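The structure appears below as structure tokens.
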Amino acid sequence: MLTAMLSFAEGNGGLIVALVLIVILLIVIISNIRIVPQASVYVVERLGTFYQEWYTGPHILIPFLDRVAKIVTIKEQVVDFKPQPVITKDNVTMQIDTVVFFQVTNAKLYTYGVEHPMSAIENLSATTLRNIIGEMELDATLTSRDVINTKITAILDQATDRWGIKVNRVELKNILPPREIQDAMEKQMKAERERREKILQAEGEKKSAILVAEGEKESKILRAQAEKEAQILAAEAQQQALLLRAEAIKQQKMLEAQGEAEALRMLNSASPTSKIIQLKSLEAFAKAADGRATKIIIPSEIQGLASLTGALKAIASDEQVQQSAVQQPTMHTMQ
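The numbering used here puts the first residue of the sequence shown at 32, with every later residue one more than the last.
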């Protein structure tokens with residue numbers, strides 16, 4: 032059997048060699064296939080010089096001629112650099128650490144532009160930070176982070192452009208002044224808070240006093256207005272009472288006048304004699320001289336007291352007791 036196999040190999044030696052070569056060639060081709068993933072760039076060299084950039088997808092290297100010099104990611108990257116000692120304009124040493132957000136925009140420049148890109152960015156950010164902080168005082172440094180971030184970003188972006196790097200943003204992560212400066216700042220902050228508290232308390236007391244004074248003022252004004260309105264109402268009531276009293280007197284006089292007119296009308300309709308007319312005249316005279324008058328003027332028509340007395344006696348018998356009692360004092364006064 033072994034003799035048969037050896038004889039078959041001697042007869043088909045060329046075919047086996049060909050098969051072996053084909054298998055080796057397939058292995059070489061498969062081993063030189065490169066599939067570039069998303070957000071990555073392969074920098075390829077041919078015979079030691081830059082050949083081309085491979086982007087997402089399959090590619091084939093030519094054996095012994097091409098090689099992948101560098102695999103570059105084009106995703107945005109974040110690098111946190113360690114704290115750097117910086118000195119402010121007023122000679123205060125602080126520790127500041129930065130965070131840099133950058134992205135590779137040109138894989139060729141990134142590969143051949145600088146030897147160690149991260150170290151270069153770190154040193155560049157440190158020197159730029161020292162230059163910016165050296166022009167600022169401590170208080171301005173603590174309150175101007177946005178200004179510092181903007182300046183560092185602009186300077187780094189311009190400097191790293193020739194390296195194929197785009198610096199998107201730089202942030203100051205921590206600013207650590209010396210311990211004695213922190214203690215002084217805490218004392219200053221405490222004093223400032225106490226001052227604000229006293230100011231707020233004084234303003235509160237001032238507003239309270241103003242409100243109390245305004246309340247008293249409004250109270251006095253309201254009391255004065257109330258007294259004024261009360262006096263006005265009292266005067267109006269008194270005026271109204273006087274008007275009503277005058278109206279009542281006027282109505283009474285009108286009624287008396289109407290009564291007298293009615294009496295005269297009835298007297299005229301009854302055709303009175305001269306004696307009755309004289310009697311009515313005496314009644315009117317008695318009313319005029321009711322004791323309040325200081326002077327009495329006797330009309331010239333009242334003459335002939337004897338005849339008038341006789342007429343009165345004739346009429347008195349027909350009058351009521353009350354009328355005679357009223358007329359007797361009047362006659363006595365006339366005599």
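All C-beta atoms, glycine included, are put in the ideal place defined by N, C-alpha and C.
If you're wondering where the values come from, they're calculated on a predicted model, not measured in any experiment.
{"query": "Does the beta-carbon of N137 have 16 or more other beta-carbons within 10 angstroms, so that it is buried, or is it exposed?", "result": "buried"}
{"query": "Can we say the stretch 187–196 touches the stretch 150–168, given the rule of at least three CB pairs closer than 8 Å?", "result": "yes"}
{"query": "For the alpha helix (DSSP H) containing E153, name the first residue and the last one.", "result": "148–164"}
{"query": "Are V130 and V109 closer than 8 Å when you measure CB to CB?", "result": "yes"}
{"query": "Report the three-state DSSP secondary structure of A100 (helix, strand or coil).", "result": "strand"}
{"query": "Please confirm whether T119 and I164 have their CB atoms less than 8 Å apart.", "result": "yes"}
{"query": "Where does G88 fall in DSSP's three states?", "result": "strand"}
{"query": "Measure the Cβ-Cβ separation of I127 and A70 and say whether it is below 8 Å.", "result": "no"}
{"query": "As a quick exercise: from L207, T124, D97, pick the residue whose alpha carbon is nearest that of L78.", "result": "D97"}
{"query": "Could you check the C-alpha separation between Y82 and F95 for me, to the nearest Å?", "result": "14 Å"}
{"query": "Give the DSSP bridge partners of I124, in chain order.", "result": "The question names Ile, yet the displayed sequence has Thr at residue 124. Beta-bridge pairing links T124 to I118."}
{"query": "Grouping DSSP H, G and I as helix and E and B as strand, with all else coil, what is Q282?", "result": "helix"}
{"query": "So N199 is in the beta strand (DSSP E); what residue range does that whole segment cover?", "result": "196–207"}
{"query": "Ignore the nearest five residues each way along the sequence and tell me which others in R65's own chain have a CB closer than 8 Å to its CB.", "result": "Y73, W85, P89, H90, I91, L92, V99"}
{"query": "Over the uninterrupted beta strand (DSSP E) stretch that includes V145, give me the two end residues.", "result": "V145 -> no beta strand (DSSP E), and no H or E assigned at all."}
{"query": "Closest to L207 by C-alpha separation, out of T172, E291, T80, would be which residue?", "result": "T172"}
{"query": "Counting only the same chain and skipping the five closest in sequence on each side, list residues whose C-beta sits under 7 Å from that of E153.", "result": "F112"}
{"query": "Taking R176 as part of the beta strand (DSSP E), name the residues at either end of that continuous run.", "result": "That residue, R176, is in no beta strand (DSSP E); its alpha helix (DSSP H) goes 176–190."}
{"query": "Which residue's Cα is closest to the Cα of V145: E278, A49, G195, S175?", "result": "G195"}
{"query": "By how many angstroms is the C-alpha of L169 removed from the C-alpha of T191?", "result": "29 Å"}
{"query": "Whose CA, out of K284, A265, P68, lies closest to the CA of T87?", "result": "P68"}
{"query": "I need the DSSP call for V352, collapsed to helix, strand or coil.", "result": "Annotation note: pLDDT 44 at V352 (below 50); position unreliable, coordinate value reported separately. Note: V352 maps to helix in three-state DSSP."}
{"query": "Give the range of the beta strand (DSSP E) segment to which Q69 is assigned.", "result": "Taken as a continuous stretch (DSSP letters only), Q69 belongs to no beta strand (DSSP E), as it is neither H nor E."}
{"query": "Return the Cβ separation of Q134 and K197 in integer angstroms, given the expectation that the two are a contact with Cβ distance under 8 Å.", "result": "5 Å"}
{"query": "When we look at the beta-carbon of V103 and count the other beta-carbons within 10 Å, is it buried (16 or more) or exposed?", "result": "buried"}
{"query": "Would R176 pass as a contact of L203 if the rule is Cβ separation under 8 Å?", "result": "yes"}
{"query": "Whole angstroms are fine: how far does the CA of A244 sit from the CA of K218?", "result": "39 Å"}
{"query": "Just mark Q353 as buried or exposed, buried being the case when its beta carbon has 16 or more other beta carbons within 10 Å.", "result": "At Q353 the pLDDT is 43, less than 50, meaning the model places this residue with poor confidence and gives no usable figure here."}
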